[in-house]
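To convert, count from 1 in the sequence shown and add 22; that's our numbering.
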Amino acid sequence: MAHTDTSPYYITTAISYPNGRPHIGHAYEAIAADVIARFQRLRGRTVRFQTGTDEHGLKMARKAEEQGRTARDLADEMSGYFQEMCDALNVGYDRFIRTVEADHHRASQAIWRRMEAAGDLYLDRYEGWYSVRDEAYYDESELVEGEGGAKLSPQNTPVEWTVEESWFFRLSKYEEPLLELLKSPGFLEPASRRNEMIAFVEQGLRDLSVSRTSFDWGVKVPNSDNHVMYVWVDALTNYLTGLGFPDDTAMMRDFWPADLHLIGKDIVRFHTIYWPAFLMSADLPLPKKVFGHGFLLARGGEKMSKSLGNVVDPLELANTFGIDALRYFLLREVAFGQDGSYSPEAIVTRANAELANSFGNLAQRTLSMIFKNMDGTLEAFETSDVDDALLGEVADACRNVLPDEFEKLAFSNGIEAWMRAVYACNQYVDEQAPWTLKKTDPERMKVVLQTLFVALRDLAVAIQPVVPEKAAALLDQMGVPQGQRSYADLADTQWFQRLVEAGFALQKPQGIFPRLELPDEAEV
Ligand code: MSP
Numbered sequence: 023m024a025h026t027d028t029s030p031y032y033i034t035t036a037i038s039y040p041n042g043r044p045h046i047g048h049a050y051e052a053i054a055a056d057v058i059a060r061f062q063r064l065r066g067r068t069v070r071f072q073t074g075t076d077e078h079g080l081k082m083a084r085k086a087e088e089q090g091r092t093a094r095d096l097a098d099e100m101s102g103y104f105q106e107m108c109d110a111l112n113v114g115y116d117r118f119i120r121t122v123e124a125d126h127h128r129a130s131q132a133i134w135r136r137m138e139a140a141g142d143l144y145l146d147r148y149e150g151w152y153s154v155r156d157e158a159y160y161d162e163s164e165l166v167e168g169e170g171g172a173k174l175s176p177q178n179t180p181v182e183w184t185v186e187e188s189w190f191f192r193l194s195k196y197e198e199p200l201l202e203l204l205k206s207p208g209f210l211e212p213a214s215r216r217n218e219m220i221a222f223v224e225q226g227l228r229d230l231s232v233s234r235t236s237f238d239w240g241v242k243v244p245n246s247d248n249h250v251m252y253v254w255v256d257a258l259t260n261y262l263t264g265l266g267f268p269d270d271t272a273m274m275r276d277f278w279p280a281d282l283h284l285i286g287k288d289i290v291r292f293h294t295i296y297w298p299a300f301l302m303s304a305d306l307p308l309p310k311k312v313f314g315h316g317f318l319l320a321r322g323g324e325k326m327s328k329s330l331g332n333v334v335d336p337l338e339l340a341n342t343f344g345i346d347a348l349r350y351f352l353l354r355e356v357a358f359g360q361d362g363s364y365s366p367e368a369i370v371t372r373a374n375a376e377l378a379n380s381f382g383n384l385a386q387r388t389l390s391m392i393f394k395n396m397d398g399t400l401e402a403f404e405t406s407d408v409d410d411a412l413l414g415e416v417a418d419a420c421r422n423v424l425p426d427e428f429e430k431l432a433f434s435n436g437i438e439a440w441m442r443a444v445y446a447c448n449q450y451v452d453e454q455a456p457w458t459l460k461k462t463d464p465e466r467m468k469v470v471l472q473t474l475f476v477a478l479r480d481l482a483v484a485i486q487p488v489v490p491e492k493a494a495a496l497l498d499q500m501g502v503p504q505g506q507r508s509y510a511d512l513a514d515t516q517w518f519q520r521l522v523e524a525g526f527a528l529q530k531p532q533g534i535f536p537r538l539e540l541p542d543e544a545e546v
C-alpha cells in the first residue's frame, strides 16, 4: 500500500476585520480553508487550521466611535458573529484567534523586538497617504482619480493625508531577497498574481511606517508611551501567535513555517511583501505558500456593498439551502483563484442537478433496491468486465484525479471529475436496469447493485471534505466504519468482505440531498 504522508500541515485564513457582520465573501474563504484542512486530514496529514478576527487599527476605532461605543465592545460583538458563522458552516478550526488576546500582544511585541534587534526599525516622521478602509499606506504614484477628482487608493477607497511621528521598518533592505522569493515557483499562487507583486518590488521599496501615535487602539510598541503598532504588523503576527510564539513550543517546531496562507487577492501585498520581510528581519522561516483567491461577487458580477443592498448573510443562505449544498456550490461553481458570482438561482440549479438528481439519486436508488430486493444484506460477488470498467473509472476519479486536483487547489476540476464518475454510475444503472434483472436474472441484479454499493463508498469518501455532513450520513447508512474513511482507506479492498462477514444489513435508506426549491424573492 502507498505510504501515507502524516507530516504536519498548517493552514490559515486571513483574519477578518470585525467592523461589521460577516458576509458571503468571508464565508467563502473560511469554507475553502476548511475543505483544504479536511482534505489534508483525510490524506493522513496532521493538520492545524487557524482563523479569527483582526481587531485593532483605525478602521475599528472609527467604526466604534461612529456607534458611540468602545472598540473593544464592537470587536467583542462582531467577532462573536464571525465565530458563529464558522461554527454554523462546519468550519473546523483548531483556533479562532482574536488579536485582542494577551498571548497575541506578547507575540507581536516579541517579533517587534526581533526586528529592532536586527537594526531594522528607526524613528522618523510619516508624511503621506493612508486608506483607513484598506489600513494601508500608499505612494502618491499609486493613487487613482475618483469622481470629482477625489484621490482614491488603487482599491478605490478614500485616502487621507497623514503626518505623524512613526517607527519605520527598513523594507528597502529586503528588495533582493523578496524578488527572489516572489520568483520562486509555488510561493505565490495563482501565478497570475505574481507579476503585479514583482513589478511593485522592482519599482523600488520605500521603508514602511509601522507605528501610529494619533490613536491608541492597538498593540503597544515595546518601551514606548505613545506608539501602537501599525495594525498589519500585529495582524500578520497572528499566524505565529497561534503556535505559541515566541516560546519554543512543540507547535512552533511542528507547524512553522505555515504550509498555506489562504487569503483574498486584495491583500496579497501584505502577505507576500511585508510579511516575508518582517520574518526575514526576525530571522524566522518563511511560509511555504500564499494563495490569493478571487472575489465572490453578487448577481451580475456586482461588488457586494451595503449601499447596493446586495450583501448576503451566509447563515441565511445555509438555512435556506443547507450547509453542504452551499459549500458544494462555492467550491464547484468558482474556479479557485478567479472571481465568481452567486445567486439563489445558481445555487438551486447546481445543487439540484448534481447533488439531488445525480449523486443523491444514485445513492437513494442503489440503497433502496438493496434494501427491498436483498433484504438490505450484502454477499460476496463476482464482477464481470462491465462492472470492473465502472469500478475502475470511479476509483480513478476518487483516488487519483480528485486528490491530485485538490492538492493543487483546483477544486472545481476535482469535483468535475468526481461528478463524471457519478454520471457513469447513473448510466450504468440505466443500462443494467436492475429492476428488470430482478425478474430475469436475480443473481446478476445482486452483482449490479453491489457493484454500485462499492462505487458509492468511493464516491462518498472522496467528496467528504466538501460535503462533510452529507457524506458522513451516507457512509453511516452504508456501515462504513468511522475510522475507515480516509483516502488511504480507498485502497483497502477488503472492506466489503468485512461488511459481509460482519452480517451488515442496511436499514431503510434516508435520502441525503433533498431537491431545493427557489424561495420567494423576499426570503433571500
Ligand atoms: N483584516 C484583514 C486581513 C488580515 S490577515 C493578517 C482583512 N480583513 S477583511 O475582513 O477585509 O477580509 C478578510 C478576508 O476576506 C480577506 O482574505 C479578503 O480578501 C476576503 N474577502 C473579503 N471580501 C471578499 C469577497 N467578496 N469575496 C471573497 N473574499 C473576500 O483584509
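Even glycine gets a Cβ: it sits at the ideal position worked out from N, Cα and C.
Given the structure is predicted, the values throughout are model-derived calculations rather than measurements.
Check the DSSP bridge columns for residue i and list the partner residues they point to.
| i | result |
| --- | --- |
| residue 144 | 190 |
| residue 312 | 210, 283 |
| residue 28 | Beta-bridge pairing links residue 28 to no other residue. |
| residue 117 | 72 |
| residue 363 | 319 |
| residue 527 | 399 |
| residue 234 | 250 |
| residue 223 | BP columns for residue 223 are empty, so no partner. |
| residue 33 | 71, 282 |
| residue 180 | 174 |
| residue 185 | 149 |
| residue 358 | 360 |
By Cβ distance, which residues of its chain are closer than 6 Å to residue i, with the 5 residues on each side in sequence left out?
| i | result |
| --- | --- |
| residue 235 | 186, 187, 248, 249 |
| residue 184 | 152 |
| residue 211 | 313 |
In three-state DSSP terms, what is residue i?
| i | result |
| --- | --- |
| residue 93 | helix |
| residue 535 | coil |
| residue 49 | helix |
| residue 325 | coil |
| residue 503 | coil |
| residue 469 | helix |
| residue 150 | strand |
| residue 406 | coil |
| residue 157 | coil |
| residue 342 | helix |
| residue 242 | strand |
| residue 267 | coil |
| residue 38 | strand |
| residue 57 | helix |
| residue 167 | strand |
| residue 494 | helix |
| residue 430 | coil |
| residue 259 | helix |
| residue 560 | Since the displayed the chain opens at 23 and closes at 546, residue 560 lies outside it and no answer follows. |
| residue 436 | helix |
So residue i and residue j are supposed to be a Cβ contact under 8 Å. How far apart are they, rounded?
| i | j | result |
| --- | --- | --- |
| residue 243 | residue 189 | 6 Å |
| residue 487 | residue 61 | 4 Å |
| residue 476 | residue 526 | Rounded, the Cβ-Cβ distance is 13 Å, inconsistent with contact. |
| residue 284 | residue 35 | 5 Å |
| residue 227 | residue 182 | About 23 Å; that fails the 8 Å criterion. |
| residue 222 | residue 143 | No, residue 222 and residue 143 are not in contact; Cβ-Cβ is about 22 Å, not under 8 Å. |
| residue 528 | residue 447 | About 18 Å separates the two Cβ atoms, so there is no contact after all. |
| residue 137 | residue 246 | Not confirmed; about 14 Å, so no contact. |
| residue 232 | residue 255 | 5 Å |
| residue 363 | residue 320 | 6 Å |
In chain order, what residues of the same chain lie with their CB nearer than 8 Å to the CB of residue i, ignoring the 5 residues before and after it?
| i | result |
| --- | --- |
| residue 37 | 73, 74, 75, 76, 119, 121, 257, 260 |
| residue 546 | Only weak support is given to the placement of residue 546: the predicted model assigns it a pLDDT of 47, under 50, and the value that follows is read from those uncertain coordinates. If we look at residue 546 and ignore the five residues flanking it on each side, its Cβ neighbours are 334, 338, 339, 342, 366. |
| residue 106 | 337 |
| residue 405 | 413, 469, 473 |
| residue 396 | 468, 471 |
| residue 374 | 537, 538 |
| residue 353 | 53, 54, 57, 433, 434, 437, 488 |
| residue 194 | 226, 227, 228, 229 |
| residue 402 | 519, 522 |
By Cβ distance below 7 Å, which residues in the same chain neighbour residue i in space, the five residues on each side in sequence not counted?
| i | result |
| --- | --- |
| residue 531 | 386, 389, 390, 393, 499 |
| residue 39 | 76, 81, 82 |
| residue 484 | 420, 424, 440 |
| residue 492 | 346, 534, 535 |
| residue 42 | 100 |
| residue 466 | 459 |
| residue 132 | 267, 268 |
Verify the CB distance criterion: does residue i have a CB-CB separation below 8 Å to chain D?
| i | result |
| --- | --- |
| residue 318 | The displayed structure is made up of one protein chain only, and chain D is not part of it. |
Does the ligand MG have a heavy atom nearer than 7 Å to the CB of residue i?
| i | result |
| --- | --- |
| residue 381 | With respect to the ligand MG, the structure shown offers nothing to examine, as its ligands consist of the ligand MSP. |
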